[in-house]
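Below: the structure, in C-alpha cells.
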Amino acid sequence: MRADFDALAAIGATPDGGVDRPSLSEAHLAARAWFLERVAAARLERRVDGAGNHSAVLPADGPTLLLGSHFDSVPNGGRFDGALGVIAALHVLLAVQASGRALPVALEAIDFTDEEGTLVGLLGSEALAGTLTPEALLAPRGGREALLAGLERAGMREEQLWTARRQPRSLAGYVELHIEQGPVLERAGVQIGVVTAIVGARSFSLVFRGEAGHAGTTPMTARKDAGLAAAAFIGAVEEIVVRDFPGCVATVGDVQFEPGAYNVIPRTARVALEFRSTDSHTLDGLEVALLERAGDEASRRGLGLDVTPVGRWEPTPLDPGVCDAVEEAAAELGLTSLRLHSGAGHDAQALAGVTPAGMIFVPSRGGLSHDPGELTAWDDCVNGANVLLGTALALAGRR
Ligand code: GLV
Ligand code: MN
Ligand code: MN
1 MRADFDALAA IGATPDGGVD RPSLSEAHLA ARAWFLERVA AARLERRVDG AGNHSAVLPA
61 DGPTLLLGSH FDSVPNGGRF DGALGVIAAL HVLLAVQASG RALPVALEAI DFTDEEGTLV
121 GLLGSEALAG TLTPEALLAP RGGREALLAG LERAGMREEQ LWTARRQPRS LAGYVELHIE
181 QGPVLERAGV QIGVVTAIVG ARSFSLVFRG EAGHAGTTPM TARKDAGLAA AAFIGAVEEI
241 VVRDFPGCVA TVGDVQFEPG AYNVIPRTAR VALEFRSTDS HTLDGLEVAL LERAGDEASR
301 RGLGLDVTPV GRWEPTPLDP GVCDAVEEAA AELGLTSLRL HSGAGHDAQA LAGVTPAGMI
361 FVPSRGGLSH DPGELTAWDD CVNGANVLLG TALALAGRR
C-alpha cells in the first residue's frame with residue numbers, strides 16, 4: 001500500500017511535498033491512467049463510467065459495496081486528501097482477492113470525479129447517486145468554460161454524465177476512509193474517527209459592480225470603488241459569523257479585481273463566498289445575513305451587486321449501522337475511536353441519499369489540510385485501511 005501511495009503522490013507532485021492535481025487537469029488524468037494500469041496488473045476488473053469515475057472491481061454475485069474517495073486535489077493541496085481513501089480501498093480488494101474468500105457482495109474501489117469543486121464539486125458521486133442537476137453544470141463553481149475544457153481534456157461528454165447513475169438496489173453501501181483534516185483526533189489522542197454527519201455548505205459568486213477611473217485624479221469622495229466594497233464585505237463576513245453564528249464557518253477564498261492595475265480604481269470585484277454548518281436552518285439564517293450585508297456594502301457606495309449561487313450541499317447524517325460497523329472494526333483491531341462530524345465535504349454525502357454510507361477518519365498532523373504540509377502518520381494510514389477492511393467484511397457479512 002505504501003508503494004502505491006507514493007507512486008500516486010509522485011503524480012502532480014509539488015516541490016514542497018504536496019500535489020497539484022485539480023480535477024481533470026493533466027496531472028489528475030495521469031493519476032487516473034496510473035490507477036487503471038495498476039488495477040489491470042492486479043487482475044481486477046476496470047470500470048470507467050460516463051461521469052469519469054474510475055474503479056477497480058472484485059466481482060461477485062450480489063450488489064456492490066463501494067469503497068473509495070477521490071484522486072483530484074485542491075490547487076497546491078496535500079497528498080493524503082482523497083488519495084488515501086482510494087488507495088486503501090484498492091488494497092482492501094487486493095486483500096480479499098489474496099484470501100480467496102468469496103463474498104456475497106462485489107467490492108468496488110472508486111475514484112470519484114471532481115470531489116473538490118475545482119469544477120462543480122461532488123460531480124462524480126452526485127452523478128452516480130442520480131442527484132446531479134443540469135443547473136449545477138450551467139453555473140458551476142469553477143465557471144462553465146473551465147468545466148467544458150476539463151471534460152474535453154478528459155475525452156468526456158456532458159450528455160454522458162447522466163449514464164453514471166446507479167440503481168440503489170445495485171448498491172450494498174459506501175464506505176470512505178479519509179484524513180480528518182482537522183485537529184479533533186490528534187488532540188484527543190485517538191486513532192480512529194467514526195463520522196456521524198457531514199456539514200452542509202453553500203457557495204456564491206458575488207460581483208460588486210462600480211466604476212473604473214483614474215487612481216490619481218479621482219477624488220476619494222467621487223469614487224465607486226468595487227474593491228472597497230469587497231474589502232468591507234470580507235471583514236463583515238468574519239464579524240457576522242463570529243458574533244451571530246457560533247459553530248459555523250465562512251470563507252472568502254478568492255477575490256478578483258478588474259481591470260486590475262495600480263493606477264485604476266477597480267470597476268468590478270468578484271468574490272468567492274462559501275459557508276458551512278451542520279444545520280440547514282442555521283445555513284438559511286447565515287445566508288440571509290451575509291447576502292444582506294453584501295447588498296448594504298454595495299448600496300452604501302452606489303454599486304451594483306450580482307449574486308449567483310454556485311454550490312449547495314445539505315448537511316448529511318451518515319448511516320448508524322455503518323457507524324456501528326466502523327466502531328466495532330476499530331475495537332476488534334484494538335484501536336481507540338471516537339464519534340465526530342466532518343467539517344469538510346465528502347463524496348459520502350452524495351452517496352448517503354441512495355445507500356447506507358459511512359466514513360472513517362484518521363488523524364491529521366496539526367489538523368492541517370488543503371495544504372502541501374498535510375500529513376498523516378503512516379501507521380495511522382494503515383490503521384485506517386485495516387478498519388476499512390474490517391468494516392467492509394462486516395457489512396458484507398450482514399447480507
Ligand atoms: C472538500 O474538501 C471540501 O470540504 O471543500
Ligand atoms: Mn477529500
Ligand atoms: Mn479536500
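Following the working numbering, the numbering of the sequence shown begins with 1 at its first residue and continues without gaps. Note that the Cβ used here is the ideal one computed from N, Cα and C, for glycine as well. No experiment lies behind these values; they were computed from the predicted model shown.
Item checked: is_contact[aspartate 324, chain C] using C-beta, thresh 8 Å -> Chain labels in this structure do not include chain C; a single protein chain is all it has.
Next item on the list: Report yes if the CB atom of leucine 273 is closer than 8 Å to the CB atom of cysteine 248, and no otherwise.
Entry: Going by beta carbons, leucine 273 and cysteine 248 fall outside the 8 Å limit.
Check: What's the C-alpha gap between alanine 344 and alanine 250?
Finding: Their backbone Cα atoms lie some 12 Å apart in a straight line.
Check: Taking any heavy atom of ligand 2 as the mark, which residues have a C-beta closer than 5 Å to it, listed down the chain?
Finding: Checking every Cβ against the heavy atoms of ligand 2 under 5 Å gives Asp81 and Gly82.
Note to self: Whole angstroms are fine: how far does the CA of alanine 88 sit from the CA of arginine 101?
What the structure shows: Distance between the alpha carbons of arginine 101 and alanine 88 is about 19 Å.
Notebook entry, point to check: Below 8 Å between beta carbons: does that hold for alanine 197 and leucine 318?
Noted result: A contact, by the Cβ cut-off of 8 Å.
Item checked: Near ligand 1: glycine 302 beta-carbon under 7 Å from a heavy atom -> No - ligand 1 has no heavy atom lying nearer than 7 Å to the Cβ of glycine 302.
Notebook entry, point to check: If you draw a straight line from the alpha carbon of leucine 66 to that of alanine 172, how long is it in whole angstroms?
Noted result: Using only the alpha carbons, I get a separation of about 7 Å.
Check: Who are the near neighbours of arginine 47 in its chain, counting only those whose CB is closer than 6 Å to its CB and skipping five residues on each side?
Finding: Closer than 6 Å at Cβ, skipping near neighbours: Ser55 and Val57.
Margin query: Quick check: is any heavy atom of ligand 3 less than 7 Å from the C-beta of histidine 370?
Written below: At least one heavy atom of ligand 3 is nearer than 7 Å to the Cβ of histidine 370, so yes.
Margin query: Whole angstroms are fine: how far does the CA of arginine 276 sit from the CA of glycine 85?
Written below: If you take the alpha carbons of glycine 85 and arginine 276, they lie about 23 Å apart.
Checklist line | Separation of aspartate 6 from glutamine 181, as counted between CA atoms | finding: For the pair glutamine 181 and aspartate 6, the Cα-to-Cα distance works out to about 20 Å.
Next item on the list: Less than 8 Å between the CB atoms is what I'm expecting for arginine 270 and valine 310, so what's the real figure, rounded?
Entry: Contact doesn't hold; Cβ gap of about 11 Å is too wide.
Notebook entry, point to check: Any idea which residues DSSP pairs glutamate 274 with across the strands?
Noted result: Per DSSP, Ser203 and Thr251.
Notebook entry, point to check: Cα separation between histidine 214 and asparagine 263?
Noted result: One Cα belongs to histidine 214, the other to asparagine 263, and the distance between them is close to 6 Å.
Next item on the list: Look up glutamine 167 in the DSSP assignment and say whether it is helix, strand or coil.
Entry: Collapsing the DSSP output to three states places glutamine 167 in coil.
Item checked: Bridge partner(s) assigned by DSSP for phenylalanine 361 -> In the DSSP output, where bridge partners are listed per residue, phenylalanine 361 has His178 and Gly193.
Next item on the list: Pick out the complete alpha helix (DSSP H) segments inside the region 37-122, 4 residues or longer, and give them in chain order.
Entry: Considered as a whole, the region 37-122 harbours 83-99 as its complete alpha helix (DSSP H) runs of no fewer than 4 residues, in chain order.
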